[in-house]
Amino acid sequence: MTLTLRINGEARNVTSDPDTPLIYVLRDELKLKGTKLGCGLEQCGACAVLVDGVSLPSCVSPAGTFEGREITTIEGIQAHETGRRVQAAFIAESAAQCGYCTAGLVVATTSLLDQNESPDHDAIVLALNPHLCRCGSHPRVLKAVIRAARP
Amino acid sequence: MSVAAYPLIADWVGTDGSRLVIRTGKVDIGQRISTALTQIAHEELAVPLDLIDVAPVRTGHAPDEGITSGSNSIEQSGHALRCAAATLRDRIIALAIARFGGDRGDWQIADGILHLPGINHRCGVIDLIDKIPADATVDPDVEFRSRLGPSPKPGMRGLADMVCGRFVYVHDLDFPGMLHARVIHPPQVNARLAELKTAAVGDLEGKGFRVVRDGSFLAIAGPHEWPVVQAALALANACVWDVGTGLPEGDVFLQLNPKNAQRFEVIDGIPQIGAVPDRLVKPDISARYERSYQMHAALGPSAALAKWDGQKLTVHSHSQGIYPLRDSIADSLSLDPAQVEITHTPGSGCYGHNGADDAAFEAALIAMSLPNCPILLKWSREDEHGWEPYAPAMAVELAARIAEGRITAYSVEVFSDTHRGRPRPGANRAGPAKLLANRFRAAAVPPHPAQPNMGRHAGMHRNLDPIYAFPDKRLIKNLVTGMAHRTSAMRTLGAAANIFALESFLDEIACQNGADRLEFRRTHLTDPLALAVLDELGRRIDRRPDLAESAGRGMAYAQYKNQMTRVGVCVDVEVNDRAEVRLGHAIIVADAGRVIDAEGLSAQLEGGLIQAASWALHEEVTWDRDGVTSRNWESYPVIRFDNIPTIDIAILDRPDAPSLGAGEASSGPVVAAIANAIFDAVGIRMRRIPFTPDAIRKAAAMDEADCGSTPSV
Numbered sequence: 001m002t003l004t005l006r007i008n009g010e011a012r013n014v015t016s017d018p019d020t021p022l023i024y025v026l027r028d029e030l031k032l033k034g035t036k037l038g039c040g041l042e043q044c045g046a047c048a049v050l051v052d053g054v055s056l057p058s059c060v061s062p063a064g065t066f067e068g069r070e071i072t073t074i075e076g077i078q079a080h081e082t083g084r085r086v087q088a089a090f091i092a093e094s095a096a097q098c099g100y101c102t103a104g105l106v107v108a109t110t111s112l113l114d115q116n117e118s119p120d121h122d123a124i125v126l127a128l129n130p131h132l133c134r135c136g137s138h139p140r141v142l143k144a145v146i147r148a149a150r151p
Numbered sequence: 152m153s154v155a156a157y158p159l160i161a162d163w164v165g166t167d168g169s170r171l172v173i174r175t176g177k178v179d180i181g182q183r184i185s186t187a188l189t190q191i192a193h194e195e196l197a198v199p200l201d202l203i204d205v206a207p208v209r210t211g212h213a214p215d216e217g218i219t220s221g222s223n224s225i226e227q228s229g230h231a232l233r234c235a236a237a238t239l240r241d242r243i244i245a246l247a248i249a250r251f252g253g254d255r256g257d258w259q260i261a262d263g264i265l266h267l268p269g270i271n272h273r274c275g276v277i278d279l280i281d282k283i284p285a286d287a288t289v290d291p292d293v294e295f296r297s298r299l300g301p302s303p304k305p306g307m308r309g310l311a312d313m314v315c316g317r318f319v320y321v322h323d324l325d326f327p328g329m330l331h332a333r334v335i336h337p338p339q340v341n342a343r344l345a346e347l348k349t350a351a352v353g354d355l356e357g358k359g360f361r362v363v364r365d366g367s368f369l370a371i372a373g374p375h376e377w378p379v380v381q382a383a384l385a386l387a388n389a390c391v392w393d394v395g396t397g398l399p400e401g402d403v404f405l406q407l408n409p410k411n412a413q414r415f416e417v418i419d420g421i422p423q424i425g426a427v428p429d430r431l432v433k434p435d436i437s438a439r440y441e442r443s444y445q446m447h448a449a450l451g452p453s454a455a456l457a458k459w460d461g462q463k464l465t466v467h468s469h470s471q472g473i474y475p476l477r478d479s480i481a482d483s484l485s486l487d488p489a490q491v492e493i494t495h496t497p498g499s500g501c502y503g504h505n506g507a508d509d510a511a512f513e514a515a516l517i518a519m520s521l522p523n524c525p526i527l528l529k530w531s532r533e534d535e536h537g538w539e540p541y542a543p544a545m546a547v548e549l550a551a552r553i554a555e556g557r558i559t560a561y562s563v564e565v566f567s568d569t570h571r572g573r574p575r576p577g578a579n580r581a582g583p584a585k586l587l588a589n590r591f592r593a594a595a596v597p598p599h600p601a602q603p604n605m606g607r608h609a610g611m612h613r614n615l616d617p618i619y620a621f622p623d624k625r626l627i628k629n630l631v632t633g634m635a636h637r638t639s640a641m642r643t644l645g646a647a648a649n650i651f652a653l654e655s656f657l658d659e660i661a662c663q664n665g666a667d668r669l670e671f672r673r674t675h676l677t678d679p680l681a682l683a684v685l686d687e688l689g690r691r692i693d694r695r696p697d698l699a700e701s702a703g704r705g706m707a708y709a710q711y712k713n714q715m716t717r718v719g720v721c722v723d724v725e726v727n728d729r730a731e732v733r734l735g736h737a738i739i740v741a742d743a744g745r746v747i748d749a750e751g752l753s754a755q756l757e758g759g760l761i762q763a764a765s766w767a768l769h770e771e772v773t774w775d776r777d778g779v780t781s782r783n784w785e786s787y788p789v790i791r792f793d794n795i796p797t798i799d800i801a802i803l804d805r806p807d808a809p810s811l812g813a814g815e816a817s818s819g820p821v822v823a824a825i826a827n828a829i830f831d832a833v834g835i836r837m838r839r840i841p842f843t844p845d846a847i848r849k850a851a852a853m854d855e856a857d858c859g860s861t862p863s864v
């Protein structure tokens, strides 16, 4: 049984069991290793991907439930105008230390700015609060989001 | 000293023919040491930053610089590299003079080119370096190039790859024939595997999984990751554990007392063998401060890749100490250290000794059972929270006598289990004894009782010696061993608790005496650089708008290890009606000597602040008889984006001074500043970390019982 997923603009046939959480299909079968597993419990945000433009964790939901939806991983963010702006802003603000949370945060910020191009502080916090960072890069991430937003 | 052990220029810096290559034994764990080292080489040799690489940090190749810890990397590896690069600059200029003439002062070095103005001689720095003999030695007294102008801001190495998802962590390694692995850890450390149901194992093996067992060490491997995760659950269900005595449930803070302790007087930062002096007689004030067990709680669980080919064990690990780990693994497996090669491969930020080394050894154990298969072992979130070595619970007891608004006598006793749990070779197989899996193997190597760390400003007595000029000091270290949990080094070791205690205590004394809190600290300081930090902090506080009625402001000062970066901190907080502490604005003033990477320095100070705020407000390991109960981010909450202060950072750059370690400098004062701000806001003195809403309500109730006053929360 194969499953067809639309990932980063391409249809990909995958052989993993459809009950496999999406992240294992991305990383293990498709070798898209930019998405990071932090907890497998939807508690830390490291594994976020865009699903029809919305940032969602990929560590629990079965891959089969993503059929027919447009998945964008960190590897595909560059093809996305907002995503490129977010990446440039993270670089400009040095908004990472170890970088393990960074992919998830770039994805979440891209999703936020696609839906609200000039978010206020509360909207930014709401979007980023599901994401943990243990290095304490939060102040720089917040600056990067503001830098990437439309004034 | 790194240069003494590795005296050759080529030990530290060379070329691959077209690019400059830096060699270091210190590993980049997100603290930007590779960025700083690149900047140092660039400053001394004027090779463009994009032509400089850092060689992989691998045993047998990299200089052995022990462990990347203690904020030492800039002062050790950074200094060694600067000496080597500056010596190299002198050597290549001498070479150019010998060939083309000119005087030393005439040759200019810029953009990777040595150039003699007026004459059309231009030599590539990298070409000249290749002509320096391989046995040329570092001149430790060489003169460094002085820096003019603003502090440098080199771009962070790896950042562009991180934001694109291309940065490779050990978790991402992928080799042909690789098997994913999981370890089935016991429910708690005193449990042993009594029975493994053979039918279940046979079933899993029939499906192609490989089961590895050595005593109570149990693991499973297979070609695809998710099936292995599920198979690990099935294997866990096939285990019958003898739970033994379970985890001790006694009150750890009661255990932290002199009767259970090995006691040492600390003089000049060094513990002394012998009788400890008597208690301070009739102190005017005394208080006890405590910190709960806390964890590193890396965002990415620990992982490692290992392969055994019958002769050589190859390991990729995010350990902070690849050489000590190599020797400890070799001893555990009865291999010659030369048969074990460990390459540092990034993991997520670790902040000390987390599960990295244990995962590396576990991967090695599995690999030894499955020769010629690369084994990628990943810990689960539960594994990481449950099995990493924790930061020990601590208590700090302070007493002082006061006369005319000054402290005239000062006593401090610190109580803690060990902060030194890293695997390192030593007597009686000390290395193997500190690798977790060795406790569970059939030929078990049990843990050693912790020995007192007698190093200067080390372990629990880091920052025990107050940086203030108190005339009569009594400093006592109390090592209490055999407590509930395995413990080891976490960012700042004992310094965070010691600074929290001292800086809270000073606040209490200043408040009781009606003194200005900044001025009270100034009165007891003699170091002009410390005073400069506090002066700048004061100026910045003065520029802040007045606090809201419900808000409070706290401050603290410390110099990490009494010899590294000086940091003054001010934090504004509000305590809301749910007794939650909301962080407002924070100010950090720091003096780290010569600044190498201003952005990286700021990032470390900020990150240290945020992590310390998380310790202060949230973090506490919990457990019961059956095991650790804080096994995920709900049961071990940490700070999130909804409580991040705005931060104003001032760095007092001193380009002519040596560069000082800064990675741990802000955390201690931040914890204290938050406690002091809570007191300023609501009049409640928090004396045990973390300051959770429950803890604040309890402290308020105790204050009410003590004084009959009405607490604000």
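Chains as they are written, first to last, in this note's numbering: chain A, 1 to 151; chain B, 152 to 864. Even glycine gets a Cβ: it sits at the ideal position worked out from N, Cα and C.
Collapsed DSSP secondary structure at residue i in the structure displayed
i, result
"Asp793 of chain B", "helix"
"Asp162 of chain B", "helix"
"Ala120 of chain B", "Missing from the structure shown is residue 120 of chain B; chain B here goes from 152 to 864 and no further."
"Val466 of chain B", "strand"
"Lys410 of chain B", "helix"
"Asp869 of chain B", "Because residue 869 of chain B is not part of the residues shown, which for chain B are 152 to 864, the question remains open."
"Val178 of chain B", "coil"
"Phe326 of chain B", "coil"
"Val403 of chain B", "helix"
"Tyr541 of chain B", "strand"
Residues that DSSP places opposite residue i in a beta bridge
i, result
"Met706 of chain B", "B:Cys721"
"Asp625 of chain B", "It should be noted that the sequence gives Arg, not Asp, for residue 625 of chain B. B:Ser562."
"Glu70 of chain A", "A:Arg6"
"Val172 of chain B", "B:Gly165 and B:Asp204"
"Gly572 of chain B", "Its beta-bridge partners do not exist; DSSP assigns none."
"Thr288 of chain B", "B:Leu159"
"Trp392 of chain B", "B:Leu344"
Classification of residue i by the beta-carbon crowding that lies within 10 angstroms, buried from 16 upward
i, result
"Leu517 of chain B", "According to the sequence as given, residue 517 of chain B is Ile; it is not Leu. So Ile517 of chain B counts as buried."
"Ala457 of chain B", "buried"
"Val864 of chain B", "Reliability of the predicted coordinates at Val864 of chain B is poor, the pLDDT of 47 falling under 50, and the value obtained from them is presented with this limitation in mind. Looking at its Cβ environment, which holds 16 or more other Cβ atoms inside 10 Å, Val864 of chain B is buried."
"Ile418 of chain B", "exposed"
"Leu752 of chain B", "buried"
"Ile802 of chain B", "buried"
"Pro305 of chain B", "buried"
"Glu855 of chain B", "exposed"
"Gln755 of chain B", "buried"
"Gly401 of chain B", "exposed"
Closer than 9 Å to chain A by CB, residue i
i, result
"Lys529 of chain B", "yes"
"Pro452 of chain B", "yes"
"Trp377 of chain B", "yes"
"Met641 of chain B", "no"
"Glu323 of chain B", "A small correction: the amino acid at residue 323 of chain B is Asp; Glu does not occupy that position in the sequence shown. At least one chain A Cβ lies under 9 Å of Asp323 of chain B."
"Tyr541 of chain B", "no"
Closer than 9 Å to chain B by CB, residue i
i, result
"His138 of chain A", "yes"
"Thr102 of chain A", "yes"
"Val14 of chain A", "no"
"Val106 of chain A", "yes"
"Asn129 of chain A", "yes"
"Ile77 of chain A", "yes"
Give a yes or no on contact between the segment 328–346 of chain B and the segment 119–128 of chain A, applying the rule of three or more CB pairs nearer than 8 Å. Output reads no: the segment 119–128 of chain A does not touch the segment 328–346 of chain B.
Check whether the segment 625–638 of chain B and the segment 594–604 of chain B touch, using three or more Cβ-Cβ pairs below 8 Å as the test. Flag = yes, the segment 625–638 of chain B and the segment 594–604 of chain B touch.
Is the segment 308–317 of chain B in contact with the segment 362–378 of chain B, if contact means three or more CB pairs nearer than 8 Å? With a cut-off of 8 Å on Cβ pairs, the segment 308–317 of chain B is not in contact with the segment 362–378 of chain B, counting fewer than three such pairs.
Touching or not, the segment 608–626 of chain B and the segment 560–568 of chain B, by the rule of three or more beta carbon pairs under 8 Å? Proximity of the segment 608–626 of chain B to the segment 560–568 of chain B meets the contact definition, three or more beta-carbon pairs being nearer than 8 Å.
Residues in the segment 603–634 of chain B having any Cβ partner in chain E nearer than 7 Å: Protein chains in the displayed structure are A and B, and chain E is not among them.
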